[in-house]
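Beneath this line is the structure, given in structure tokens, with notes to follow.
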Amino acid sequence: MSEVLAGGASTAKKQDNRKVSFAPAPEILELWNGVHASLRGEFGEAVFRSWLKPLTLQAYYHGTLEVSVPTRFMRDWIQTHYAARILEMCAAKDPEIRRMEIVVVQSQLSSGAEDGKQSKGLPQAKANQNQLMQDIEDSVPGLSSSFDPRFTFDTFVVGKPNALAHAAAQRIVGSQNVPFNPLFFYGGVGIGKTHLMHAIGWAMKKQWPDRQVMYLSAEKFMYQFVRALRSKDTMSFKEAFRSVDVLMIDDIQFISGKESTQEEF
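Residues in the sequence shown are numbered consecutively from 416, following my numbering.
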């Protein structure tokens, strides 16, 4: 049975010696690079840029892939939502891979070049983290994730479970004044919720080019909110979202139980 583990910074410290002793062989590194490159197509551009791009292979030992991310928050989210599938993709290429352990390698660790215990993957992890932070800290248009060109109304398959949602989405786009606000999509996996949101975005841009449309995941919304609180710049955060004409949030259930984020939303 395959396993996926999540380890914190303390775990990483305890395993320093093991990392050095079990640096990934070239064939394992090549396998990981191939899987990592395919994650964009597997999960989509928005998810890849927000969560999976910083993943860096640190070590391989006894059938275990050890990969790193820059923050505990990112580790926990990947562990819950994407790790099982990533492990499955790796195991499909090499059945000897049975587990994946996710550890946190913080930025200050990667700056200590004198530390001989660091793995060769750390400089890349640092570069990935810097790029991720740059993506997140862009101006207002940069807050919005891009729309997937595959997800349009023309490519949406209408069936009994999603016919009402499809009709509501088209009515949103075709109306000068929004007939209902907010529009909330609820349903199981694979019936087209995200597809419809992207389709609305594409159609809005075509039919109402003057309207400013923002689309992002709920976790990115929360990340921005926490960042604004830490930097004591909540006014800019509020104005960024109040300035748009159409705001679309994917996976809104992510903020369930997070009272301050719910209140801000």
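Yeah, the Cβ is synthetic: ideal placement off N, Cα and C, and Gly gets one too.
When 507, 679 and 669 are compared against residue 492, the one with the closest alpha-carbon: Nearest C-alpha to residue 492: 669.
By Cβ distance below 6 Å, which residues in the same chain neighbour residue 511 in space, the five residues on each side in sequence not counted? 478
Just the Cα atoms here: how many angstroms apart are residue 671 and residue 623? Straight-line Cα distance between these residues: approximately 32 Å.
Determine contact between the segment 624-638 and the segment 590-609, defined as no fewer than three beta-carbon pairs at a distance below 8 Å. no
7 Å Cβ shell around residue 459 - same chain, five flanking residues per side excluded: 563
Three-way DSSP call (helix, strand, coil) for residue 514 in this model: strand
Taking the C-alpha atoms as reference points, what is the distance between residue 572 and residue 606? Taking the straight line from one Cα to the other gives about 9 Å.
Backbone CA spacing between residue 485 and residue 519 [nearest angstrom]: 6 Å
Provide the residue span of the alpha helix (DSSP H) that contains residue 598, from first to last. That residue, residue 598, is in no alpha helix (DSSP H); it is neither H nor E in DSSP.
The beta strand (DSSP E) spanning residue 630 covers which residue range? 628-632
Just list the residues that DSSP pairs residue 482 with in beta bridges. In the DSSP output, where bridge partners are listed per residue, residue 482 has 472 and 517.
Bridge partners of residue 663, per DSSP? 630
Helix, strand or coil for residue 593? Go by DSSP, reduced to three states. coil
Could you check which residue in 569, 592, 588 and 608 has the C-alpha nearest to that of residue 576? 608
Output yes or no for whether 8 Å exceeds the beta carbon distance between residue 680 and residue 614. no
How big is the Cα-Cα spacing for residue 586 and residue 516? 46 Å
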